[in-house]
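In the numbering used here, the protein residues as written are 791 to 1232.
From the three backbone atoms N, C-alpha and C, an ideal C-beta is built for every residue, glycine too.
Here the structure comes first, spelled out in structure tokens, and everything after it is commentary.
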């Protein structure tokens, strides 16, 4: 899955931060270009954790979700261009966008304690305007259905959750609702480019507390099922990493550290009946992707190259200086076999961010006690690592706070690294330096 940033910038797969970093001595003399702190958005003052998931970059605007509003900034993050009040907290933000900068958001119907996530909006990221906002209805025609998440794909905005689902065209026309079947519902949808995938859950006949999950590639305009694949009954939740190729992160309930993933499955959905191509045992290999517990989209800390069908994941290993550090491994999605791995020689996090058009991997290298973080490029053939940029020394504590305590989205494009926290939180004694977002670049 590659996100086309504004349709004209380099392709980028958003990734996240949140890896523990115990610090260590920096190795090597290659520092790359010395980056500057171009912009820094302060953490809003909140009394409790508040969703601020949305982070997007178009060809002209950096957009960040804040508290009950969205704000568009110049590409360096230094100047506000527009503000869009939502009237309620953001509940979900699709990472996908159309070539002309449209994306989908889900937000609450008010600011009170009884507010619910019922409002679906099509957002113009460049203009800072809601093209439209809609509410869904249940099977009895009652409006105000609460949704869990929303996505955009194939020219369709689709929202889903345990109470129901709905879809709209980009001009706001209602398209379809998921078919009503007793004890079954569309748990959510995954979009991107011209595809839409639904995760369908049905209560088990033997045990009403468990569900049988089915991955359905559907027609975005009609929801007609084009291909379906039933997951093994051991899986409790499923997340879609990519719709093309179709890659699913599934969880038996035993995921390590609440990562939401025990296995990654690649499915051939070219026929009516989907076929399993490969399985990657995430739990056994110690890989560290991060997926939300119950939502269909939202996985991060990974990158995927379509051309070579290679998935990049990090894992924690003991490194040369005696401490824990991260290593990135490439895996062929058609076979599930490793294509190579980085050689780590220092204790710091290493998080996949995106793949470039030439197949090389761009990753974030976390800060240590003595050295700031930066951006590196990894050769997909020999997994050699080249530093692209090193961040300012006075930002290493900020990076450490975001890396250790934050749940972040990262986008690298135009030689700039954008890091946006997905949650606005109250500062603690250990994370006083943590901003909501920061932009590094030349």
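Asked                                                                                                       : Found
Contact set for residue 1175: own chain, Cβ-Cβ below 7 Å, skip 5 residues either direction                  : 1132, 1166, 1168
Distance, residue 1109 Cα to residue 1121 Cα                                                                : 21 Å
Under the three-state DSSP convention, the category residue 1189 falls into                                 : helix
Backbone CA spacing between residue 1226 and residue 971 [nearest angstrom]                                 : 42 Å
Beta strand (DSSP E) runs contained entirely in the stretch 930-974, provided each spans 3 or more residues : 939-943, 946-951, 954-959, 964-966
Where the beta strand (DSSP E) containing residue 1153 begins and where it ends                             : 1151-1155
Three-state secondary structure (DSSP) of residue 1123                                                      : coil
Under the three-state DSSP convention, the category residue 1021 falls into                                 : coil
Top-ranked residue by Cα proximity to residue 1146, from 1136, 1140, 1157, 1098                             : 1098
Where residue 910 falls: helix, strand or coil (DSSP)                                                       : strand
Assigned secondary structure, residue 1165 (DSSP; H/G/I helix, E/B strand, else coil)                       : strand
With 16 other Cβ atoms within 10 Å as the buried cut-off, status of residue 1063                            : exposed
DSSP three-state assignment for residue 1183, whether helix, strand or coil                                 : helix
Which of helix, strand or coil DSSP assigns to residue 1195                                                 : helix
Best match in 836, 847, 839, 840 for proximity to residue 1205 [C-alpha to C-alpha]                         : 847
For residue 892, the first and last residue of its enclosing beta strand (DSSP E)                           : 892-897
Selected residue, minimal CA-CA separation from residue 1039, among 1054, 1144, 1170, 1027                  : 1054
Pairwise C-alpha distance: residue 956 and residue 940                                                      : 10 Å
Given 8 Å, three or more beta-carbon pairs between the stretch 1087-1102 and the stretch 846-862            : no
Residue 1187 at chain C interface by Cβ criterion, 8 Å                                                      : Chain labels in this structure do not include chain C; a single protein chain is all it has.
Simplified DSSP assignment, three categories, for residue 1059                                              : coil
Residue 1067 - DSSP class collapsed to helix/strand/coil                                                    : strand
Residue from 1179, 1178, 1189 with nearest C-alpha to residue 1139                                          : 1189
Per DSSP, the bridge partner or partners of residue 1207                                                    : 1202, 1230
Three-way DSSP call (helix, strand, coil) for residue 1046 in this model                                    : helix
Cβ neighbours of residue 816 in the same chain (closer than 7 Å, five flanking residues each side left out) : Any reading at residue 816 needs caution, since the residue's pLDDT is 33, under 50, leaving its predicted position unreliable; the model's value is listed next. The residues are 1136, 1158, 1160, 1161.
Within 8 Å, strictly: CB atoms of residue 829 and residue 868                                               : yes
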